[in-house]
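Residue numbers (numbering that gives the first Met the number 0): 0 to 51.
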Amino acid sequence: MNTSAIIQCRMGSSRLPGKVMEDIMGYPLLWHVISRVKRARSLDNVIVATTQ
């Protein structure tokens, strides 16, 4: 059985547009989220779902 993680990502956030691309320690927020999710040993796939 394959287990996947789906990360929802949208640029049109109402309170902070473009939040997923905000720089944190030299990398966009989305990079940090993907990096952390990929560390999960129980996952086979990481999928990023966007509105674009």
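Yeah, the Cβ is synthetic: ideal placement off N, Cα and C, and Gly gets one too.
Point to revise | Beta-ladder partner(s) of P16, from DSSP | key: Within the sequence shown, residue 16 is the residue found at index 17, counting from 1. According to DSSP, P16 bridges with nothing at all.
Practice item. Please name the residue in T49, R40 and D22 whose C-alpha comes closest to that of M2. Key: Position 3 of the sequence shown, counting from 1, holds the residue named residue 2. A small fix is needed here, since residue 2 is Thr in this sequence, not Met. Taking only the C-alpha atoms, the option nearest T2 is R40.
Point to revise | Range of the contiguous alpha helix (DSSP H) that encloses S34 | key: Here residue 34 is taken as the residue at index 35 of the sequence shown, counted from 1. First-last of the alpha helix (DSSP H) with S34: L28 to K37.
Point to revise | Simplified DSSP assignment, three categories, for S41 | key: Your numbering for residue 41 matches position 42 in the sequence shown. Coil.
Check your understanding: Quick one: Cα of K37 to Cα of I6, how far?
Key -> Position 38 of the sequence shown, counting from 1, holds the residue named residue 37. Position 7 of the sequence shown, counting from 1, holds the residue named residue 6. One C-alpha to the other measures close to 11 Å.
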